[in-house]
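Below: the structure, in structure tokens.
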Ligand SMILES: Nc1ncnc2c1ncn2[C@@H]1O[C@H](COP(=O)(O)OP(=O)(O)OP(=O)(O)O)[C@@H](O)[C@H]1O
Ligand SMILES: [Mg+2]
């Protein structure tokens, strides 16, 4: 069986789950829930993107929200109607104030641009090992943020960029999340994905096996940057309004917690962590506004979401480094569980022979 | 193949002016007491360390400018004394890592062995889908050999492949090494500090002590060498 068909088959269960979520929310049809589900799909796409890089290399990236921002601002600048742009960014450089493109070319250009920037930045980051690479990603996040907030002619600075055509709907979010899932899974199981994971397990042995470590890191970084760009485009074309703060520490922190909670080494872990935190933060959000539970009027608790995310990162790092799924995919866990059951059954049927060492 | 190579750590030479050859299809033994510099020599050959002096070449082509992964692709494959399997990957994926390098970069693909053939040859078929970190010690050593073979090397370097094995297992290993040589047609350099094991497996032997080469020749010649008797056999006799 080819890699693609095998990956499709292995991804069937999570894809069905995502379709079920979208179907359920649409059948209820309440705008608030649709919005929550859409944002879930944006974050899921982003976490899959982050998984491609972090799961492959074993290095943390604090810079991925910047890719989301680059793609979001690209579509914003290209797609927003000219009349509005004359108001928002009348002095845009490169004649961009007079450019107005349709959705498809805007999205394609945004993805290509994000990919090119990711590649160039990746040339530097892929050569660094471990902590140095991680710090460089943080620097990248800050640099991009500084550019967004200070290049006022092009990005409007810290003020919101609004009026982007809201052409997207829940099915876009669903589609993007499924595409991101398939890319992440295909990459993980591909020969190069396996080589990259080998290098994160044992760098010296991987080099001794001819693994081109830097080139593969660059590949993973660029690919995950492009997928992250999809998440940025989803955001811009749904909300219609973006600001530099949408792509900074809060977002970085959120997707990092989601990935770490589920386990960064597997795509299933990414899905699992995003689901748990999305549900959890909806619950805490309602607590923040001080709801009435069983007749008791609870006080408003602002900042609870941030506290909750921080606590998750600390707890996972101290008690379950590899995340909820321990770095395994759903189907691998299922296979191991079946094997265990089978060997347990064999043992009892063979009238309990000598205990086998695991 | 290796000419006048040296490496020192601080003021101490770990390997000093060592020259060594290994022909394709030959099994060469490298023996010496603890700290003799065997592993350091292997690191110099495989490109894990850069020498202070001397050169390494393969088939007349100098590899001095090539790093570890470039040499792996050029045809020098190795195992590690302290096991370094890719623990999170399955046994089969461990072999796949090397096979991918081989498929991508080797120009000549004459010795085309599939991943499954190589695993079968080393008795790893039943463990193919197990995670490498969960394999028993001996299987992990075999997995390292399988992985190195998937590069279709011209020279295979084995650093103490028999470490931790009992008499019976090391006899089986000797047979494996010989059939690997026959099947893959590669040269093999085997390190060990057990003289009996090295005598059985190799056709030619180099003896190292304190970073220097003190003797070389056929097993029979080396056994007669007064230096070897003094430094190595004498020491061994006093130890055991
Ligand atoms: N990275 C290093 N830094 C400093 N000294 C080293 C290093 N690697 C090896 N040495 C020293 O070089 C000498 C040779 O070590 P080496 O590991 O090559 O010996 P060996 O023959 O493989 O021994 P063993 O039989 O114990 O494996 C030893 O004295 C060792 O302490
Ligand atoms: Mg050694």
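Protein chains in written order, with the numbering used here: chain D, 2 to 359; chain H, 14 to 253. Every residue, glycine too, gets a C-beta built ideally from N, C-alpha and C. Note that the coordinates shown come from a computational prediction; the quantities given were computed from them, not determined experimentally.
Rounded to whole angstroms, what's the CA-CA distance from residue 76/D to residue 44/D? Just pull it up for me.
About 18 Å.
In chain order, what residues of the same chain lie with their CB nearer than 6 Å to the CB of residue 11/D, ignoring the 5 residues before and after it?
Counting only Cβ-Cβ distances below 6 Å, and skipping sequence neighbours, we find 332.
At a cut-off of 7 Å, would you count residue 51/H as near ligand 2, judging by its Cβ distance to the nearest heavy atom?
Yes.
Taking C-beta to C-beta, are residue 241/H and residue 214/H nearer than 8 Å?
No; because the gap between Cβ atoms is not below 8 Å, this pair is not in contact.
Is the beta carbon of residue 328/D less than 8 Å from the beta carbon of residue 72/D?
No, these two residues do not count as a Cβ contact at 8 Å.
Short check: CB of residue 100/H to CB of residue 202/D, under 8 Å?
The answer is yes: Cβ separation under 8 Å.
Any heavy atom of ligand 1 inside 7 Å of the beta-carbon of residue 94/H?
Yes - ligand 1 has a heavy atom lying nearer than 7 Å to the Cβ of residue 94/H.
Does the structure place the region 80-100 of chain D close enough to the region 210-219 of chain D that three or more beta carbon pairs sit under 8 Å?
With the cut-off at 8 Å, the region 210-219 of chain D and the region 80-100 of chain D do not touch.
Report whether the distance from the Cβ of residue 11/H to the nearest heavy atom of ligand 1 is below 7 Å.
Absent from the structure is residue 11/H, since the part of chain H shown begins at 14 and ends at 253.
Would you decide whether residue 160/D is buried or exposed? Buried here means 16 or more other CB atoms lie within 10 Å of its CB.
By the neighbour-count rule (16 or more Cβ atoms within 10 Å), residue 160/D is not buried but exposed.
Using only the alpha-carbon positions, how far apart do residue 91/D and residue 307/D sit?
Looking at the two C-alpha atoms, the distance is approximately 37 Å.
Going along the chain, which residues of the region 70-85 of chain D sit with their C-beta nearer than 8 Å to a C-beta in chain H?
Listed by position along the chain: nothing, the set is empty.
Please work out which residues of its chain come closer than 6 Å, Cβ to Cβ, to residue 218/D, disregarding the five sequence neighbours upstream and downstream, and give them in chain order.
Contacts found: 58, 127.
Do we get a CB-CB distance below 8 Å when we pair residue 110/H with the residues of chain D?
Judged by the 8 Å Cβ criterion, residue 110/H is in contact with chain D.
The region 63-90 of chain H: which residues have C-beta closer than 7 Å to a C-beta of chain D, in chain order?
Residues passing the 7 Å Cβ filter: 81, 82, 85, 86.
In chain order, what residues of the same chain lie with their CB nearer than 6 Å to the CB of residue 323/D, ignoring the 5 residues before and after it?
Excluding positions up to five away in sequence, the list reads 264.
In this structure, what does DSSP give as the bridge partners for residue 144/H?
Answer is 103/H, bridged to residue 144/H.
My output table needs one value for residue 102/D: the three-state DSSP class, helix, strand or coil.
In the structure shown, residue 102/D sits in coil (DSSP, three-state: anything other than H, G, I, E or B).
Could you please tell me which residues of the region 317-338 of chain D, in chain order, have their CB closer than 7 Å to any CB of chain H?
From the region 317-338 of chain D, only 328 have a Cβ closer than 7 Å to chain H.
Cβ of residue 210/H versus every heavy atom of ligand 1: is any distance shorter than 7 Å?
Every heavy atom of ligand 1 is 7 Å or more from the Cβ of residue 210/H, so no.
At a Cβ cut of 8 Å, what residues of the region 263-274 of chain D count as close to chain H, listed as they run along the chain?
Here the close residues are 266.
Please return the same chain residues whose Cβ sits closer than 6 Å to the Cβ of residue 236/D, not counting the five positions on each side in sequence.
For residue 236/D, where only same-chain residues beyond five positions count, the Cβ hits under 6 Å are 43, 73.
Tell me whether residue 51/H is buried or exposed, calling it buried when 16 or more other Cβ atoms sit within 10 Å of its Cβ.
With 16 or more other Cβ atoms within 10 Å, it is buried.
Alpha carbon to alpha carbon, how far is residue 167/D from residue 61/H?
Each residue's alpha carbon lies about 55 Å from the other.
On the DSSP letters alone, give me the boundaries of the beta strand (DSSP E) that residue 90/H sits inside.
89-91 is the extent of the beta strand (DSSP E) around residue 90/H.
Let me know the secondary structure DSSP gives residue 172/H once reduced to three states.
In the structure shown, residue 172/H sits in a strand (DSSP, three-state: E or B).
Whole angstroms is fine: what's the gap from residue 352/D's alpha carbon to residue 338/D's?
Low local confidence applies: a pLDDT of 49 at residue 352/D is under 50, so the model's placement there is unreliable, with the coordinate-based value given in what follows. Rounded to whole angstroms, residue 352/D to residue 338/D spans 21 Å at the Cα level.
Do residue 27/H and ligand 1 come close, with the Cβ less than 7 Å from some heavy atom?
For ligand 1, at least one heavy atom lies less than 7 Å from the Cβ of residue 27/H.
Comparing C-alpha positions only, which one of 55/D, 18/D, 38/D sits nearest to residue 1/D?
Given a span of 2 to 359 for chain D in the structure shown, any question on residue 1/D remains unanswerable.
Can the beta-carbon of residue 63/D be found less than 8 Å from the beta-carbon of residue 142/D?
Contact: yes.
So the alpha helix (DSSP H) residue 31/D belongs to, where does it begin and stop?
That residue, residue 31/D, is in no alpha helix (DSSP H); it is neither H nor E in DSSP.
Does ligand 3 have even one heavy atom less than 7 Å from the beta-carbon of residue 270/D?
No copy of ligand 3 occurs in the structure displayed; its ligands are ligand 1 and ligand 2 alone.
Grouping DSSP H, G and I as helix and E and B as strand, with all else coil, what is residue 98/H?
Residue 98/H: coil per DSSP, three-state reduction.
One question on the structure: do residue 188/D and residue 119/D come within less than 8 Å of each other, judged by their Cβ atoms?
No. Outside cutoff.
Counting only beta-carbon separations shorter than 8 Å, does residue 12/D have a partner in chain H?
Closer than 8 Å: no.
Using a Cβ-Cβ cut-off of 8 Å, state whether residue 102/H counts as contacting chain D.
Interface residue, yes.
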